[in-house]
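Undergrad:
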Amino acid sequence: MTNKITELFKIKYPIIQGGMIWCSGWELAAAVSQAGGLGLIGAGSMYPDILREHIQKTKKAIDKPFGVNLPLLYPQVEEHIQVILDEQVPIVFTSAGNPKKYTAFLKSKGIIVVHVIANSKFALKCVEAGVDAVVAEGFEAGGHNGYEESTTLTLIPTLRPIIDIPLIAAGGIGSGRAMLAAIALGADGVQIGSRFVTSTESSAHVNFKLKVLDAKDGDTKLTLKELVPVRLLKNDFAEQVDNAYKTKATKKELENLLGHGRAKKGMFLGELEEGELEIGQVSSSIYEILPAGEIIREIVKDYREAKEELLKL
């Protein structure tokens, strides 16, 4: 499966594991990279010293490429960047901010830089900033999302004609068939988050993993656009958010309702009703907890079988 993405990252398969807060520690990143994909450590839920620890453990566990996902809105982002430089991390995925802010600096240090976007305007800004690749994240995705609500099915073919750098599809992808569909639309690879939340190596709490397995279609909702758009699994907290909208809550009131540590409470500590449970629409088609390496193998097998079926048409 050699293409622009495998060549850029020096990996076997064009499959990137999303760097999700509270779910993407060193064990998951190492397992995905070991299996031939690209594992990412999710720095958004880590203090700088914790990020350093996770990077060092990843380097000890594997001798394959891996990266760090760096949300640019994180208050200690510059300390994170220093850790990344100190530890000689080869690949950085930036998100939630202007790609021009750090791209040139990171690339001057020999780092491959990828930026996550959700519309054509920011895709073009990424090209201007000189990023090495773009992740185009559709409305279906879990966690923090775009304002436009463009689906992956529409976003990828919109972007493909206007950018010539490698394009990675994200949002609603949890199988080899979905991966094949994304590549057919013009993507060079895929980024998968939700499917890896329920991997054995994910640092998500087992309560959250089991809640994801129980999810049905329609059990997630994109909300809190006044703050940062986020797709949540329905629970008591999500209902409180809905009720706040019904009473026309102000932005400040929504901030107070969200409070601090709500995502950690739900995804990492397993408090399923009062916590924030970030997951994508693809959760309705996830049925079991598996090792990350087995998930990779299943995706590749499914991709190849689907491709063979299409070739027979």
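If you count the sequence shown from 1, you need to add 26 to reach our numbering.
Think of the CB as a built atom: it goes at the ideal place given N, C-alpha and C, for glycine as much as any other residue.
Values in this document were obtained by computation on a predicted structure and should not be read as measured data.
Would the beta-carbon of residue 27 fall within 9 Å of that of residue 38?
TA: Against a cut-off of 9 Å, the Cβ pair of residue 38 and residue 27 comes out as a contact.
Undergrad: Below 6 Å CB to CB, which residues in the same chain sit around residue 129 once its five sequence neighbours on both sides are set aside?
TA: Cβ within range, chain order: 139, 155, 156 and 157.
Undergrad: What is the residue span of the beta strand (DSSP E) that residue 124 lies within?
TA: Taken as a continuous stretch (DSSP letters only), residue 124 belongs to no beta strand (DSSP E), as it is neither H nor E.
Undergrad: For residue 97, list the residues DSSP reports as bridge partners.
TA: DSSP lists 121 as partners of residue 97.
Undergrad: Could you check whether residue 95 and residue 119 sit closer than 9 Å to each other, using their CB atoms as the reference points?
TA: Going by C-beta atoms, residue 119 is nearer than 9 Å to residue 95.
Undergrad: Pick out the complete beta strand (DSSP E) segments inside the region 170–206, 3 residues or longer, and give them in chain order.
TA: Listed in chain order, the complete beta strand (DSSP E) runs (minimum 3 residues) inside the region 170–206 are 193–196.
Undergrad: Please look up how many angstroms separate the CB atoms of residue 258 and residue 302, rounded, as I've assumed it's under 8 Å.
TA: Yes, residue 258 and residue 302 are in contact; Cβ-Cβ is about 6 Å, under 8 Å.
Undergrad: So the candidates are 98, 104 and 293; which of them puts its Cα closest to the Cα of residue 123?
TA: Checking every option, the nearest Cα to that of residue 123 belongs to 98.
Undergrad: When you compare only the Cα positions, how much space is there between residue 238 and residue 312?
TA: Their Cα atoms are separated by approximately 7 Å.
Undergrad: When you compare only the Cα positions, how much space is there between residue 208 and residue 115?
TA: If you take the alpha carbons of residue 208 and residue 115, they lie about 28 Å apart.
Undergrad: With distances taken Cα to Cα, identify the nearest neighbour of residue 276 among 263, 299, 252 and 285.
TA: For the residues 263, 299, 252 and 285, the minimum Cα distance to residue 276 belongs to 252.
Undergrad: Looking only at C-alpha atoms, which of 54, 264 and 189 sits nearest to residue 88?
TA: For residue 88, the nearest C-alpha among the options comes from 54.
Undergrad: Hey, how far is the Cα of residue 73 from the Cα of residue 201?
TA: Rounded to whole angstroms, residue 73 to residue 201 spans 32 Å at the Cα level.
Undergrad: Would you mind giving the Cβ-Cβ distance between residue 364 and residue 316, rounded to the nearest angstrom? I have them listed as a contact below 8 Å.
TA: Shown here, the chain extends from 27 to 339; a query on residue 364 therefore has no answer.
Undergrad: For residue 307, count the other beta carbons within 10 Å of its own beta carbon; 16 or more makes it buried, fewer makes it exposed. Which is it?
TA: Residue 307 should be labelled buried.
Undergrad: Looking only at C-alpha atoms, which of 267, 318 and 173 sits nearest to residue 64?
TA: Comparing Cα positions, the closest option is 318.
Undergrad: Comparing C-alpha positions only, which one of 206, 171 and 293 sits nearest to residue 364?
TA: For the chain, the structure presents residues 27 to 339; residue 364 sits outside this window and is missing.
Undergrad: Measure the Cβ-Cβ separation of residue 263 and residue 43 and say whether it is below 9 Å.
TA: No; because the gap between Cβ atoms is not below 9 Å, this pair is not in contact.
Undergrad: Comparing alpha-carbon positions, which option in 137, 204 and 187 lies nearest residue 327?
TA: Nearest of 137, 204 and 187 to residue 327, Cα basis: 204.
Undergrad: Run the CB neighbour count on residue 291, radius 10 Å, all protein chains shown included, and call it buried at 16 or more, exposed below.
TA: With 16 or more other Cβ atoms within 10 Å, it is buried.
Undergrad: Give the DSSP bridge partners of residue 83, in chain order.
TA: Answer by DSSP bridge pairing: none, since residue 83 is not bridged.
Undergrad: Given residue 280, which residues of its chain have a CB within under 7 Å of its CB, disregarding the five upstream and five downstream residues?
TA: Around residue 280: 250, 252, 253 and 270.
Undergrad: Could you tell me which residues DSSP puts in a beta bridge with residue 337?
TA: DSSP, once it has assigned bridges, lists no residue as partnering residue 337.
Undergrad: Does the beta-carbon of residue 245 have 16 or more other beta-carbons within 10 angstroms, so that it is buried, or is it exposed?
TA: Classification of residue 245: buried, given that the 10 Å Cβ count is 16 or more.
Undergrad: Residue 213 and residue 346 - do their beta-carbons sit closer together than 9 Å?
TA: The structure shown does not extend to residue 346, since the chain spans only 27 to 339, so no value can be given for it.
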